[in-house]
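Protein chains in written order, with this note's numbering: chain F, 775 to 885; chain H, 410 to 517.
Cβ atoms here follow ideal geometry from the backbone N, Cα and C, with glycine treated the same way.
On a predicted model such as this, the values are computed, not experimentally measured, just so you know.
Everything below concerns the one structure shown next.
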């Protein structure tokens with residue numbers, strides 16, 4: 775069973791479109807994250823939710839809106855996609871000891 | 410911003426111990442040292458973490474100096490599958506920030 779699963783794994787879309795990436799974890803963790811890894815391979819934290827509440831928002835443009843319907847899900851919606859949004863987006867969840875478990879990533883390509 | 414310094418890359422012969430250093434001279438008293446690795450384009454994988462005592466698990470050992478300003482991750486018998494980028498992170502709480510890491514090449 776996959777612990778942290780993201781869909782879709784690949785997403786190719788045009789500039790200006792709106793898209794969503796879904797994430798689910800079956801580990802029973804309270805905290806979930808979104809990270810972005812760009813072409814230079816730098817992993818940057820974007821958001822963190824604890825039990826459906828936003829706790830970290832790292833100066834991400836307003837076009838990015840995370841949604842947590844319950845503590846097992848953290849979805850990422852992106853409006854008006856730009857070329858610079860092309861990256862691999864990783865979802866993660868963490869134990870109370872700070873051990874992060876990552877999904878396989880969703881590769882977004884904006885044309 | 411990452412609060413750690415790691416070498417950009419390292420090589421290690423297959424079957425030998427890989428020792429990956431990390432400097433974290435500004436670490437606070439309540440911050441933990443975490444190690445993760447990322448194999449190719451997969452999601453990062455948790456390896457080990459510690460506060461001040463040395464730690465060992467099935468993957469690796471973590472040696473933290475007494476002043477806690479540096480640490481070493483040890484992979485006791487490196488295999489080709491250990492080729493990856495290894496990240497050393499200091500953190501307390503939910504904000505885990507990744508730096509550039511060390512690219513470890515295991516040589517056959």
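According to DSSP, simplified to helix, strand and coil, what is residue i?
i, result
"residue 424 of chain H", "coil"
"residue 489 of chain H", "helix"
"residue 502 of chain H", "coil"
"residue 792 of chain F", "coil"
"residue 734 of chain F", "The structure shown does not extend to residue 734 of chain F, since chain F is modelled only from 775 through 885, so no value can be given for it."
"residue 834 of chain F", "coil"
"residue 840 of chain F", "strand"
"residue 469 of chain H", "coil"
"residue 446 of chain H", "strand"
"residue 430 of chain H", "strand"
"residue 514 of chain H", "strand"
"residue 436 of chain H", "coil"
"residue 454 of chain H", "strand"
"residue 507 of chain H", "coil"
"residue 415 of chain H", "coil"
Taking Cβ-Cβ distances shorter than 7 Å, what residues in chain H pair up with residue i?
i, result
"residue 781 of chain F", "Simply none; closest approach about 14 Å."
"residue 813 of chain F", "Here the premise fails: no neighbours, minimum Cβ distance about 12 Å."
Find the residues of chain F that neighbour residue i, judging by a C-beta separation of less than 7 Å, and give them in chain order.
i, result
"residue 506 of chain H", "819"
"residue 452 of chain H", "864, 876, 877, 878, 879"
What does residue i reach in chain C if we use C-beta pairs closer than 9 Å?
i, result
"residue 503 of chain H", "Looking at the structure shown, chain C is missing, and the protein chains on hand are F and H."
In chain F, which residues lie less than 9 Å from residue i when you measure between Cβ atoms?
i, result
"residue 441 of chain H", "871, 872"
"residue 500 of chain H", "872"
Starting from residue i, follow its DSSP beta bridges and name the residues at the other end.
i, result
"residue 798 of chain F", "F:779, F:847"
"residue 461 of chain H", "Answer by DSSP bridge pairing: none, since residue 461 of chain H is not bridged."
"residue 869 of chain F", "Paired residues: none, contrary to the question."
"residue 883 of chain F", "F:786"
"residue 481 of chain H", "H:430, H:472"
If you follow the beta strand (DSSP E) that residue i is in, where does it begin and where does it stop?
i, result
"residue 827 of chain F", "827-831"
"residue 821 of chain F", "817-824"
"residue 810 of chain F", "805-811"
Classify residue i as buried or exposed, calling it buried when 16 or more other Cβ atoms lie within 10 Å of its own Cβ.
i, result
"residue 811 of chain F", "buried"
"residue 417 of chain H", "exposed"
"residue 501 of chain H", "exposed"
"residue 458 of chain H", "buried"
"residue 786 of chain F", "exposed"
"residue 784 of chain F", "exposed"
"residue 822 of chain F", "buried"
"residue 453 of chain H", "buried"
"residue 486 of chain H", "exposed"
"residue 790 of chain F", "exposed"
Interface residues of chain F around residue i at Cβ under 8 Å?
i, result
"residue 433 of chain H", "In chain order: nothing, as chain F lies at least about 15 Å away."
"residue 458 of chain H", "871, 872, 873"
"residue 455 of chain H", "873, 874, 875"
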